[in-house]
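Participant: Just so you know, the sequences run in chain order A and B. Going by our numbering, the residue at position 127 of the first sequence is 310; the numbering climbs one at a time, nothing skipped. Going by our numbering, the residue at position 112 of the second sequence is 295; the numbering climbs one at a time, nothing skipped. Ideal placement from N, C-alpha and C gives every residue a C-beta, glycine not left out. Attaching a single structure in structure tokens format; questions to follow.
There are 2 protein chains.
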Amino acid sequence: MSLSMYDASVPVFQRGLGNLDAILRKAEEHAAATGLDLAELAGARLAPDMFPLTGQIQSATDSAKFGAARLTGTSAPSFADTETTFEELHARIAKTLDYLASVDPAGFEGAQTREIVQKSRRGERHFVGTSYLLTFALPNFFFHVTTAYDILRHKGVPVGKADYLGAF
Amino acid sequence: MSLSMYDASVPVFQRGLGNLDAILRKAEEHAAATGLDLAELAGARLAPDMFPLTGQIQSATDSAKFGAARLTGTSAPSFADTETTFEELHARIAKTLDYLASVDPAGFEGAQTREIVQKSRRGERHFVGTSYLLTFALPNFFFHVTTAYDILRHKGVPVGKADYLGAF
Chain A
184 MSLSMYDASV
194 PVFQRGLGNL
204 DAILRKAEEH
214 AAATGLDLAE
224 LAGARLAPDM
234 FPLTGQIQSA
244 TDSAKFGAAR
254 LTGTSAPSFA
264 DTETTFEELH
274 ARIAKTLDYL
284 ASVDPAGFEG
294 AQTREIVQKS
304 RRGERHFVGT
314 SYLLTFALPN
324 FFFHVTTAYD
334 ILRHKGVPVG
344 KADYLGAF
Chain B
184 MSLSMYDASV
194 PVFQRGLGNL
204 DAILRKAEEH
214 AAATGLDLAE
224 LAGARLAPDM
234 FPLTGQIQSA
244 TDSAKFGAAR
254 LTGTSAPSFA
264 DTETTFEELH
274 ARIAKTLDYL
284 ASVDPAGFEG
294 AQTREIVQKS
304 RRGERHFVGT
314 SYLLTFALPN
324 FFFHVTTAYD
334 ILRHKGVPVG
344 KADYLGAF
């Protein structure tokens with residue numbers, strides 16, 4: 184009747200980032216076939232005060248990275264948010280996947296009740312592990328993966344829900 | 184080290200739908216203040232072959248409803264996808280929340296290994312409970328909630344990530 188905190192986080196992030204990486208490849212194929220400018224696509228956004236595609240992918244990878252680190256009480260590697268090209272976005276996803284693969288499932292012992300403090304511009308948010316995972320880490324991760332997808336769809340890239348969900 | 188299948192599904196859907204309902208209210212306030220046409224907003228979409236706002240909310244509520252029903256091996260109530268107004272979208276969310284509140288947590292006994300068959304236009308997908316929750320129900324739910332939010336942001340509605348995540 185239960186699932187582990189590891190299973191509900193790291194493999195979910197790995198799957199979502201793998202799907203996102205494949206979606207970016209389809210965007211590149213579409214751009215190559217139609218002459219769409221990849222730099223324009225990388226900088227595309229849905230509203231003037233929302234992150235562009237690059238920022239959505241930086242945020243999606245950060246959500247995954249910090250999710251794993253905070254639930255295990257460890258530190259995540261620091262990534263500068265400097266990506267501007269698709270090649271760099273793939274590399275960002277790849278190094279996040281490398282990090283996630285290195286996270287020891289045994290480190291999730293006690294994650295359910297671990298106290299997690301998250302600092303942001305708005306101040307501190309206090310969680311225990313389960314509330315952090317279910318009310319912040321997972322919703323935030325899927326927000327940025329979906330918004331990256333939505334930006335590409337809005338710009339005419341022919342991807343579909345099956346690409347977002349991935350193979351079954 | 185573990186969390187229950189109930190806690191990882193029903194309260195997550197309830198929270199996401201509550202936040203979505205509040206986001207719709209902010210869109211209505213914005214429309215009232217600026218003269219933006221609510222019917223146009225309800226029909227807005229990010230790409231010609233994506234669902235409009237109404238369809239995103241129908242899909243978000245369906246993801247939640249079917250998530251709870253399939254994990255408990257029960258039937259979900261049937262909702263006709265006929266909503267066109269904000270009032271009807273609020274009612275759709277409200278009846279989904281009523282249904283979720285009626286789902287007995289004890290019905291999740293054995294949900295982790297329950298065999299779930301999902302039929303779609305593409306054929307049948309076979310899952311066990313955990314894979315259904317983590318690779319389909321949750322990603323699909325957040326996809327539609329986020330895309331509803333993204334449509335509103337794209338149309339200039341002044342909501343932010345804090346509205347999507349909800350209060351902590």
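Taking a contact to mean a Cβ-Cβ separation below 8 Å, would you say G226 of chain A touches V328 of chain A in this structure?
Facilitator: Going by C-beta atoms, G226 of chain A is not nearer than 8 Å to V328 of chain A.
Participant: Any residues in the region 272 to 298 of chain A with a beta carbon nearer than 9 Å to a beta carbon of chain B? Which ones, in chain order?
Facilitator: Going along the region 272 to 298 of chain A in chain order, one finds F291, E292, G293, A294 and Q295 with a Cβ nearer than 9 Å to chain B.
Participant: Can you give me the C-alpha to C-alpha distance between F351 of chain A and S314 of chain B, rounded to a whole angstrom?
Facilitator: Looking at the two C-alpha atoms, the distance is approximately 9 Å.
Participant: Who pairs with R308 of chain B in a beta bridge, going by DSSP?
Facilitator: For R308 of chain B, which the question treats as bridged, DSSP gives the partners B:Q301.
Participant: Since D220 of chain B meets chain A, which of its residues come closer than 9 Å, beta carbon to beta carbon?
Facilitator: Chain A residues near D220 of chain B: none, gap ~18 Å exceeds 9 Å.
Participant: Is there a Cβ of chain B sitting closer than 8 Å to that of P322 of chain A, yes or no?
Facilitator: Interface residue, yes.
Participant: Measure how close the beta-carbons of A205 of chain A and D333 of chain A come, nearest whole angstrom, since I'm counting them as under 8 Å.
Facilitator: Rounded, the Cβ-Cβ distance is 16 Å, inconsistent with contact.
Participant: What does T368 of chain A reach in chain B if we use C-beta pairs closer than 8 Å?
Facilitator: With chain A covering only 184 through 351, there is no way to say anything about residue 368 of chain A.
Participant: Are the C-beta of T237 of chain A and some C-beta of chain B separated by less than 8 Å?
Facilitator: With 8 Å as the cut-off, T237 of chain A does not count as an interface residue toward chain B.
Participant: Could you say if the region 286 to 298 of chain A and the region 305 to 322 of chain B meet the contact criterion of at least three C-beta pairs nearer than 8 Å?
Facilitator: Because the criterion of three Cβ pairs below 8 Å is not met, the region 286 to 298 of chain A and the region 305 to 322 of chain B do not touch.
Participant: Could you name the residues that DSSP lists as bridge partners for S187 of chain B?
Facilitator: Per DSSP, A:S185.
Participant: Taking 8 Å as the threshold (beta carbon to beta carbon), is V195 of chain B in contact with chain A?
Facilitator: By this cut-off, V195 of chain B is an interface position.
Participant: So A222 of chain A is in the alpha helix (DSSP H); what residue range does that whole segment cover?
Facilitator: Element bounds for A222 of chain A: L221 to A225.
Participant: With a threshold of 16 other CB atoms inside 10 Å of the CB of D281 of chain A, please say whether the residue is buried or exposed.
Facilitator: That one is exposed.
Participant: Can you tell me the Cα-Cα spacing of R208 of chain A and L283 of chain B, whole angstroms?
Facilitator: Distance between the alpha carbons of R208 of chain A and L283 of chain B: 38 Å.
Participant: Are the C-beta atoms of G199 of chain A and some chain B residue less than 8 Å apart?
Facilitator: It does; some Cβ of chain B falls within 8 Å.
Participant: Under 7 Å Cβ-Cβ, which residues of chain B neighbour R304 of chain A?
Facilitator: Those within 7 Å of R304 of chain A in chain B number zero; the least Cβ separation is about 11 Å.
Participant: Give a yes or no on whether the minimum CB-CB distance between R253 of chain A and chain B is below 8 Å.
Facilitator: Closer than 8 Å: no.
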